[in-house]
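Here this note's numbering is used: the first residue of the sequence shown is 37, the next is one more, and so on. We put the CB at the ideal spot given by N, CA and C, even for glycine. Note that the coordinates shown come from a computational prediction; the quantities given were computed from them, not determined experimentally.
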Amino acid sequence: MGADLRSDRGLFRAGTTRGRCTTAPRQFTQVARNPDRSVIIGGASQIFAPVYGAPFVRDLQGGRRYGAIADFEKLIKLTYQLPSLHHGGFVTCEPCDVPVSKRHLDMLYIHMRYSDKAHLGAITTKERAEDSVAMARIVFGEAFMQSNCVILGNVNTNSPLLVDKVVTEAIRVYCGAGQGIIVAPFVLSGAMGPVSTAGSIAQALAEAMMCCAYSQLVRPGAPFVLGNFLSSMNLRSGAPTFGMPEPVMSNYIVGQLARRLGLPLRCGGALTSSKIADAQAAYESSDSMHSTALAGSNFTLHAAGWLEGGLCTGFEKLVMDADRLGAYEVLLNGLPLDTDTLARDAYAEVEPAGHFLGSSHTLRHYETAFFEAQLSDSENAENWEERGSKDMQQRAFKRWNKLLDAYRPPPMDSALDDALKGFVAKRKTELPDQWY
C-alpha cells in the first residue's frame, strides 16, 4: 500500500490512500429480503436507521433496565412498521440476557425473520462477522451475494490513529465476501482527538480514508461508507455532549469531504445526552438530526431511539424520532414548483378577501397538502384536556404499544426459516457461553 512504517505509525505518500479509494463505488444498493425495501446508499439518497448498541432500554411502564432479547424483538418489530426508518440497523439494544458469544445469532435471526428490511451484521469478532455472512447466504444464496450487497458491517476505529483487528477483520470478512463496510471514527474532541474541531475532522478523515484504502485492497469495488461520529465533551467532567454547535458543524464539513472523495457518507442522527425524552432530548436531537440531514448523510444511524449518550434505547423516543423523520423526508424532497403548485386556477375561484378552503385546488390536495405528524397535538386546550391532557411521551407510549398489537410478520418460506433456525442451533452448540 506504500506505507512507511516508523515505530507504531504508518506514513503514506501523498495521494496514496486517496488513489486507493477511487475504486469504491459512489453509491450502491443494499438488497433487502423484500426487494421493495432495498435501499440505495450514496448519491442523493438518504437512509434512516435506528439507534445502535445501547445496553439499556427505557419505557414509561418498565423504566430504565438492561436490554433483553424480548426488548430487542419488540424494537425490530417496531422498526419494521415505521415507514420513515428505511433500514433495520442491527443492535437496536443489547440483549443482555443472552451470552455475548451467542447473542449475535439471535439478533440476526430476529432481523431476518421478523422484518424484511435491509440490516447490518455483527462485527465484534471475526467469527461473528463470518456467521453474519453465512446466515445472509442462507437467505440470498452465495452466487447472488458475489455481485450484490445484502449485508454490511459497521465499525469504529480506535481513535486516535489506531485501526485494530476488530476493524481489519470485519473489513476482510465483509468485503472479502463481496459485501460492504461502514467505518466511522468515533472521536470525542479533547479526548480521542484534538480539542479543536478542525483538528479532529482531519484526524477522522485520515483514519477513515486509510480504512477505505484497505477495503479496496481486500476487494476493489467493495462498498465502503465513510462515517463521521465527531462529538464534543464537557471538559470539566469528561462526559460526551451531543447536539452542540461544534459537532453540528463537523457534519457539514465531513459531508463536503465525502462528496469530494466520491464516497457515501454515514452520520449520527437524533443524538442527545438526556436520560429521558424531554425538552433537552428534543432540542439536542433536533439540532443533531437537522445538520445530519442537510449535510447529505446517505446512511444515518441512530436516527431514532437514542437516549443517554447512546447508553439507552427509548421506546417512546423511537416512535417520537420516527415521527420527525417523516417531516425531514418532506424537507429533503424540496418544494415542488409547477403549474399545479403555483395554483393559478385557485385564484380564478377565490375573490379578494375570500378564502381557499372550498376551492377545487384545496379539495384536490386535501389529503396530501401538508405533513401530518402522528404524535403532535394541535387541538385546542379544551379538547386536549378532555382526552386526558396527555403529553408527547404518553402519546408515544400508546402508539408503540398499538403498533406491537397490530404487528404481523412478513412472509417467509418455511424451509428458509428452518434453515436459519438450524444454523443458529448448530452454532450455539459449538460456542461456549461467554458473558464478556
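Touching by the beta-carbon criterion (3+ pairs, under 8 Å), the segment 307–325 and the segment 277–287:
yes
Assigned secondary structure, Arg101 (DSSP; H/G/I helix, E/B strand, else coil): strand
Using 8 Å for Cβ pairs, my map puts Phe64 next to Gly78. What's the rounded Cβ distance?
6 Å
Taking DSSP's pairing of strands, which residues face Ile218 in a bridge?
Asn190 and Val261
From what residue to what residue does the alpha helix (DSSP H) around Trp241 run? Residue identity check: residue 241 is Leu in the sequence provided, not Trp. Its alpha helix (DSSP H) spans residues Thr233 to Val254.
I'd like to know if the segment 286–296 and the segment 246–256 are in contact, where contact means that at least 3 CB-CB pairs between them fall below 8 Å.
no
**Message:** If we require 4 or more residues per run, which alpha helix (DSSP H) segments fall completely within the segment 405–464?
**Reply:** 417–422 and 428–442
- Message: On the criterion of 16 or more Cβ atoms from any shown chain inside 10 Å, does Lys435 qualify as buried, or is it exposed?
- Response: Before going on, a small fix: residue 435 reads as Arg here, not Lys. By the 10 Å Cβ count, Arg435 comes out buried.
(Q) As a quick exercise: from Asn437, Leu266, Thr308 and Leu141, pick the residue whose alpha carbon is nearest that of Ser232. (A) Leu266
Next item on the list: Spell out a yes or no on whether the segment 51–62 and the segment 296–314 are touching, meaning 3 or more CB-CB pairs, one atom from each, closer than 8 Å.
Entry: yes
Please confirm if the segment 114–126 is in contact with the segment 373–383, defined as three or more CB-CB distances below 8 Å between the two stretches. no
Checklist entry - Is the beta carbon of Glu352 sitting closer than 8 Å to the one on Gln429? => result yes
Burial state of Leu121, where buried means 16 or more other Cβ atoms lie within 10 Å: buried
What residue range is occupied by the uninterrupted beta strand (DSSP E) comprising Asp167? Where Asp167 is concerned, there is no enclosing beta strand (DSSP E), although the alpha helix (DSSP H) it sits in stretches over Lys162 to Phe176.
Worksheet item: What whole-angstrom Cβ distance do Thr128 and Val191 have, given they're in contact under 8 Å?
Response: Contact doesn't hold; Cβ gap of about 17 Å is too wide.
Exercise for the section: Express the C-alpha separation of Gly263 and Pro221 in angstroms, rounding to a whole number. Expected result: 7 Å
Val75: first and last residue of the uninterrupted beta strand (DSSP E) it sits in:
Val75 to Gly78
Problem set entry | Contacts around Asp453, its chain only, beta-carbon distance under 7 Å, and the 5 residues preceding and following it disregarded | Arg149
Problem set entry | Those residues which DSSP pairs with Gln63 across a bridge | Gly78
_Once DSSP output is grouped into helix, strand and coil, what is the label at Gly394?_
coil
- Message: Under 8 Å, with one C-beta from each stretch per pair, do the segment 150–168 and the segment 90–103 reach the 3-pair mark?
- Response: no
Per DSSP, which residues does Ile83 bridge with? Please list them.
Phe335
Environment of Ser396 [buried if 16+ CB atoms lie within 10 Å]: exposed
Could you spell out the range, first to last residue, of the alpha helix (DSSP H) harbouring Thr52?
-> Thr52 to Cys57
From Gly226, Arg302 and Pro91, residue whose alpha carbon lies closest to that of Arg272: Gly226
Next on the checklist: If the criterion is Cβ atoms closer than 8 Å, does the pair Gln182 and Gly214 meet it?
Outcome noted: yes
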